[in-house]
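Using the working numbering, the letters of the sequence shown map in sequence onto residues 26 to 402.
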Amino acid sequence: MPATLTELFMPLSRFFSIGFLSLCLPLAAHAAVLDSLYEVQLPPQADAEQGAQLSSALDVMLERLAGNNLDAEAPALAKVLAEPSSVTRQISALQDDGSMQVEFDPLLLRDALSQAKVPVLGRNRPGVLVWAVQRDELGGDFMAPGSEMGQALRTAARFRGVALMQPLSDLEDRANISEDDVLKGDAEALEAASERYASEGILALDVYRDAGEDWQLAWTFWLNDRTLEGKERNADPAVLADNLMRALALEVHSQYAVGAQADGTASGWTLHISGINRVGAFADLQRSLQQLSSQHQPSLVSVSGDQVVFAIDFPGDQAQLERMLMLDQRLIRVEAPVQPASEPEAPASSLEDGAAIEPELPVQAAAPSNTLYYRWR
Numbered sequence: 026m027p028a029t030l031t032e033l034f035m036p037l038s039r040f041f042s043i044g045f046l047s048l049c050l051p052l053a054a055h056a057a058v059l060d061s062l063y064e065v066q067l068p069p070q071a072d073a074e075q076g077a078q079l080s081s082a083l084d085v086m087l088e089r090l091a092g093n094n095l096d097a098e099a100p101a102l103a104k105v106l107a108e109p110s111s112v113t114r115q116i117s118a119l120q121d122d123g124s125m126q127v128e129f130d131p132l133l134l135r136d137a138l139s140q141a142k143v144p145v146l147g148r149n150r151p152g153v154l155v156w157a158v159q160r161d162e163l164g165g166d167f168m169a170p171g172s173e174m175g176q177a178l179r180t181a182a183r184f185r186g187v188a189l190m191q192p193l194s195d196l197e198d199r200a201n202i203s204e205d206d207v208l209k210g211d212a213e214a215l216e217a218a219s220e221r222y223a224s225e226g227i228l229a230l231d232v233y234r235d236a237g238e239d240w241q242l243a244w245t246f247w248l249n250d251r252t253l254e255g256k257e258r259n260a261d262p263a264v265l266a267d268n269l270m271r272a273l274a275l276e277v278h279s280q281y282a283v284g285a286q287a288d289g290t291a292s293g294w295t296l297h298i299s300g301i302n303r304v305g306a307f308a309d310l311q312r313s314l315q316q317l318s319s320q321h322q323p324s325l326v327s328v329s330g331d332q333v334v335f336a337i338d339f340p341g342d343q344a345q346l347e348r349m350l351m352l353d354q355r356l357i358r359v360e361a362p363v364q365p366a367s368e369p370e371a372p373a374s375s376l377e378d379g380a381a382i383e384p385e386l387p388v389q390a391a392a393p394s395n396t397l398y399y400r401w402r
């Protein structure tokens, strides 16, 4: 597999004229679920055969799911790489100029990666909120989504499978944070200003063009307890944006991908979820839980009123499971339900002498091990 795919990416911006909010999540977003994750759109390639384009699309798809450290010699992967059509659902031409869209089969891909014992990241991804300031000779201002670099960033995010978000930059944002806070990478100020948005990661971005008209990016990325920094320079904003989004995608994968265990075993968990009162909500929940493991799919245990119980096998510890469940921000962690204690029989002496019996307060039922409770909103 190639070390970089920027040569494929550079002309892509012309194919993504969708509005910025179609990729970047709105203020009250729920999960950062990338519905088009398994669709790869390739630019025109002069005189390229369909087989070569299909192989290029597969390289992009595999990196979205499994990062860039795949063992191409693993039998399951070698078979897929040799026959990309075996995991392809649909191939369609976008234009007469040779551009192509390839839709891959999620189950077949995840099965191949599972057999290869590769950690995989599904459609649920941590939202990345980007605070970007673009500078020129007159000073700096928050970068507009429709600017040249703004468009390049959204195209690259889609191509690399990054759930990119952009703040509203309204009066509330401008009251909470300044351009200098972004340029200095003030983590405390950025975190405070980001509280109104549903995001797990924060990206501070300094954008400018030098005297030679090259674009330059200086960036800092915070995700959970890790911080990454980098600088990029190139005459083509598409190349810069792709390099940046690829770095972010690989960091997201390193923190969130769920590994397959060599013996296929995993810890069993029971999830109690309340608030499921619509068929659509149930379908959304089931779809979200299916992203937790490529080897073990959730099974429905019971349905009672608006409460459902699922059993899942998860190849990780509780902290990682909770982090993965937090990606769907419609799932709110709650405590185990309070159960009233049964009233004990009064001692005979108490009944005989008329002594009052103090009622026992309800006690919280001890949740069985490996049981978590959530509410759907």
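The C-beta atom is built at its ideal place from N, Cα and C for all residues, glycine as well.
These figures come from a predicted structure and were not determined experimentally.
Inset, instruction - Compute the distance between the beta-carbons of L352 and P151, then report whether it is under 8 Å. - result: yes
Legend entry - Distance CB(G237)-CB(P144) smaller than 8 Å: In this structure, G237 keeps its C-beta atom at 8 Å or more from the C-beta atom of P144.
Inset, instruction - Please say whether F335 and S318 have beta carbons closer to each other than 8 Å? - result: no
Legend entry - S219 versus N93 - alpha carbon distance: 30 Å
Inset, instruction - Give me the Cβ distance between A157 and M168, rounded to the nearest whole Å; I'm assuming they're in contact under 8 Å. - result: 4 Å
Legend entry - Span separating the alpha-carbon of D250 from that of R358: 21 Å
Inset, instruction - Tell whether a beta-carbon distance below 8 Å holds between V58 and N149. - result: Yes, the Cβ-Cβ distance between V58 and N149 is below 8 Å.
Legend entry - Unbroken alpha helix (DSSP H) run spanning K209, endpoints: Counting along the chain, the alpha helix (DSSP H) containing K209 begins and ends at E204 to K209.
Inset, instruction - Indicate whether L208 and G165 have their beta-carbon atoms separated by less than 8 Å. - result: yes
Inset, instruction - Return yes when the Cβ of A229 is within less than 8 Å of the Cβ of W244, no when it is not. - result: yes
Legend entry - Cα-Cα separation, L132 to Y63: 10 Å
Legend entry - R183, buried or exposed, once every other Cβ within 10 Å from all chains shown has been counted against 16: Of the other Cβ atoms in all chains shown, 16 or more fall within 10 Å of the Cβ of R183; this residue is therefore buried.
Legend entry - Beta-carbon separation (whole angstroms), I298 vs Y399, contact threshold 8 Å: 5 Å
Legend entry - Cβ pair A306, W401 closer than 8 Å: yes
Inset, instruction - Report buried or exposed for R303, applying the criterion of at least 16 other Cβ atoms within 10 angstroms of its Cβ. - result: exposed
Inset, instruction - State the Cα-Cα distance for the pair L189 and R135, rounded to the nearest angstrom. - result: 24 Å
Inset, instruction - Return the chain-ordered list of same chain residues with a C-beta closer than 6 Å to the C-beta of I227, the five sequence neighbours on each side being excluded. - result: L154, L215, S219 and W247
Inset, instruction - Inspect the beta-carbon positions of L253 and E225 and report whether they are closer than 8 Å. - result: no
Inset, instruction - Could you tell me if D205 is buried or exposed, where buried requires 16 or more neighbouring beta carbons within 10 angstroms of its beta carbon? - result: Exposed, by the Cβ-count rule.
Inset, instruction - With 8 Å as the threshold, decide whether the Cβ of V158 is near any Cβ in chain E. - result: Annotation note: the requested chain E is absent from the structure, which comprises a single protein chain.
Inset, instruction - Please classify E88: is it buried, with 16 or more other beta-carbons within 10 angstroms of its beta-carbon, or exposed? - result: buried
Legend entry - Straight-line Cα distance separating A91 from R185: 12 Å
Legend entry - Unbroken alpha helix (DSSP H) run spanning S282, endpoints: Note that residue 282 is Ala in the sequence shown here, rather than Ser. Looking at the DSSP string, A282 is not in any alpha helix (DSSP H), and its letter there is neither H nor E.
Inset, instruction - Indicate whether Y222 and P192 have their beta-carbon atoms separated by less than 8 Å. - result: yes
Legend entry - Rounded distance between the beta-carbons of S81 and L67, thought under 8 Å: 6 Å
Legend entry - C-beta atoms of V187 and L242 nearer than 8 Å: no
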